[in-house]
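Undergrad: This note's numbering runs 2 ahead of the 1-based position in the sequence shown.
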Amino acid sequence: MLSTMHGLRLSLGHTLTLSLALTLTLTLTLTLTLTLTLTLTLTLTLTLTLTLTLTLTLTLTLTLTLILALALLLLAIHDDKRDSVFLIQRYDVHSRLLCQCD
């Protein structure tokens with residue numbers, strides 16, 4: 003029999019059982035803590051992955067929008083040059099007609 007500070011008497015079997023129960027409780031608490039830490043880490047990793055995916059998608063969208071804007075700008079410049087050539091040719095024909103009238 004073992005004596006405790008409060009005067010309780012415990013047998014060696016009870017002491018071993020109590021020690022085993024405390025060890026098991028501590029082990030389960032540590033396991034739960036590690037499991038929660040792992041869950042939090044995986045959640046943060048998933049959040050970072052989703053954030054990275056969103057960022058890459060946004061970057062791709064902006065890049066494609068920029069390419070489209072540049073293509074439209076080039077098309078407008080090309081169309082403007084064609085209109086300018088058409089106006090010059092029209093002016094030239096009109097000038098010739100005026101010259102023939104004199």
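Beta carbons are placed, not taken as given, at the ideal position from N, Cα and C, and that holds for glycine. Everything numeric in this text was worked out from a predicted model, so none of it was measured.
In this structure, does DSSP put serine 21 in helix, strand or coil?
TA: Three-state DSSP puts serine 21 in a helix.
Undergrad: Going by beta carbon distance, what residues of the same chain come within less than 6 Å of threonine 70, once the five residues before and after it are set aside?
TA: The question names threonine, yet the displayed sequence has leucine at residue 70. Correct list: empty, nothing qualifies.
Undergrad: From leucine 75 to leucine 64, what distance separates their C-alpha atoms?
TA: Distance between the alpha carbons of leucine 75 and leucine 64: 16 Å.
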